[in-house]
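Numbering of the sequence shown is given in numbering that gives the first Met the number 0, commencing with residue 0 and proceeding in unit increments.
All C-beta atoms, glycine included, are put in the ideal place defined by N, C-alpha and C.
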Amino acid sequence: MELKLTNIGVIKDLFERHGFSFSKTLGQNFLINPAVCPQIAEQGGCKGDVCALEIGTGVGVLTRELAERCKKVCAVEIDERLKPILAETLADLENTEVVFADVLKIDLKKLLEEKFGGEKVVVCANLPYYITSPVIMAVLESRLPIESMTVMVQKEAADRICAATGTRACGALSYAVSYYSVPKTLFKVNRGSFMPAPNVDSAVIRLDVRKEKILPENEEKTLFKIIRAGFSQRRKQLLNPLSAELGITKTQAAEFLESVGAKPTARAEELTLSDYIELEKKIKGSL
Ligand code: SAM
Numbered sequence: 000m001e002l003k004l005t006n007i008g009v010i011k012d013l014f015e016r017h018g019f020s021f022s023k024t025l026g027q028n029f030l031i032n033p034a035v036c037p038q039i040a041e042q043g044g045c046k047g048d049v050c051a052l053e054i055g056t057g058v059g060v061l062t063r064e065l066a067e068r069c070k071k072v073c074a075v076e077i078d079e080r081l082k083p084i085l086a087e088t089l090a091d092l093e094n095t096e097v098v099f100a101d102v103l104k105i106d107l108k109k110l111l112e113e114k115f116g117g118e119k120v121v122v123c124a125n126l127p128y129y130i131t132s133p134v135i136m137a138v139l140e141s142r143l144p145i146e147s148m149t150v151m152v153q154k155e156a157a158d159r160i161c162a163a164t165g166t167r168a169c170g171a172l173s174y175a176v177s178y179y180s181v182p183k184t185l186f187k188v189n190r191g192s193f194m195p196a197p198n199v200d201s202a203v204i205r206l207d208v209r210k211e212k213i214l215p216e217n218e219e220k221t222l223f224k225i226i227r228a229g230f231s232q233r234r235k236q237l238l239n240p241l242s243a244e245l246g247i248t249k250t251q252a253a254e255f256l257e258s259v260g261a262k263p264t265a266r267a268e269e270l271t272l273s274d275y276i277e278l279e280k281k282i283k284g285s286l
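Spelled out as structure tokens, the structure:
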């Protein structure tokens with residue numbers, strides 16, 4: 000008989016039999032809209048020989064959709080209370096393994112190497128909201144050998160992450176994401192698609208990871224130091240935080256800005272990623 004993990008009755012029965020209750024602190028809002036997980040798997044590139052890394056299984060609703068389409072699935076879940084539930088809901092899947100660990104503490108590079116060797120890998124997840132940015136950054140910064148990352152995040156986070164750099168909606172995270180990947184919002188998901196329903200709507204985004212390196216590693220550090228400095232006081236003219244955080248004079252900061260074609264009165268979000276990359280090249284010798 001088909002296991003309907005989006006059915007509220009089925010979920011409640013699993014919880015009752017295993018004495019499980021939702022943990023708010025772990026961001027446990029499970030998907031109950033049956034249309035969403037198949038779309039995440041399909042638009043996330045799960046097919047043929049592709050392997051999937053999932054972050055946060057819940058009762059395994061997305062895990063099953065990934066397993067149906069991928070060669071192999073490895074899922075990382077922090078909550079060991081889900082062990083007996085997953086042993087039941089994923090029992091028939093021979094290509095799927097759950098590793099119980101904190102995704103922010105586990106060595107993901109080693110895990111991918113152990114579980115998938117050199118296979119093509121995608122990351123798919125309905126991310127726990129409290130760690131959205133750290134998880135995205137940990138995956139991108141560690142340059143995991145993955146094709147893409149398709150994740151459900153809060154709608155506001157999706158808007159910010161996918162905002163074009165150099166526009167008002169962008170933030171420091173938009174630059175970091177754009178540096179490592181090409182971000183795109185795939186579709187919106189309303190709050191009623193989850194149990195329990197969160198207070199905000201969500202969206203699924205896909206980050207297609209760039210294969211080429213734009214800057215050498217030491218210069219990447221300088222680039223992000225400059226961007227972080229700029230956004231530390233985003234309401235002020237950029238030359239003020241640049242001067243304060245980087246230990247250069249305001250006159251120098253204004254000259255550097257002009258040298259990349261930016262106004263000395265510009266604010267942090269008025270520069271594009273390419274502008275910051277140019278700025279890094281000019282400033283690096285002075286730091
Ligand atoms: N994939 C399931 C779904 O769509 O219904 C569950 C999604 S729920 C939003 C997030 C899941 O991530 C929960 O199962 C939670 O226990 C797990 N989680 C929370 N923090 C985690 C962490 N640091 N490492 C790994 N998993 C985590």
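Following the DSSP letters along the chain, one finds F21 in no alpha helix (DSSP H), marked with neither H nor E.
Taking 7 Å as the cut-off, the Cβ atoms of S177 and T164 count as close. Taking E112 as reference, the option from I204, R159 and L52 with the minimal CA-CA separation is L52. Pairing D78 with V97, the inter-Cα distance amounts to about 11 Å. Contact between L61 and C123 is confirmed by a C-beta separation of about 7 Å, below the 8 Å threshold. Here the distance from the Cβ of F29 to the nearest heavy atom of the ligand SAM is below 6 Å.
Here the C-alpha atom of E269 lies approximately 37 Å from the C-alpha atom of L30. F115 is bridged by DSSP to nothing; it lacks a bridge partner.
Among the bridge pairs identified by DSSP, L185 is matched with none.
The Cβ neighbour count for V121, taken over all protein chains shown within 10 Å, is at least 16; the residue is labelled buried. Spanning the alpha carbons of S231 and N125 requires a straight line of approximately 29 Å. Just so you know, the alpha carbons of V188 and A202 end up roughly 5 Å apart. Bounds of the beta strand (DSSP E) holding V152 are S147 to Q153.
Under a 10 Å Cβ-count criterion, S22 is classified as exposed, with fewer than 16 other Cβ atoms of the shown protein chains found around its own Cβ. Within the same chain, Cβ atoms closer than 6 Å to the Cβ of A156 are found at T131, the five residues on either side in sequence being excluded. Within the region 14 to 86, the complete alpha helix (DSSP H) runs of at least 4 residues fall at 35 to 42 and 60 to 68. Counting other Cβ atoms within 10 Å of its Cβ, L286 stays below 16 and is therefore classed as exposed. By the 16-neighbour rule on beta-carbons within 10 angstroms, P215 is exposed.
Put simply, the backbone Cα of S192 is about 21 Å away from that of I84. Its Cα nearest to that of I276, the residue K224 stands out among K224, R266, S242 and G47. Taking C-alpha positions only, A162 is separated from H17 by approximately 42 Å. In the structure shown, R190 adopts helical secondary structure according to DSSP, grouped into three states.
It is roughly 29 Å from the alpha-carbon of L13 to the alpha-carbon of L110. A distance of 7 Å or more separates the beta carbons of Q42 and L143. According to the DSSP assignment, R205 belongs to the beta strand (DSSP E) that extends over S201 to V208. In the structure shown, E254 adopts helical secondary structure according to DSSP, grouped into three states.
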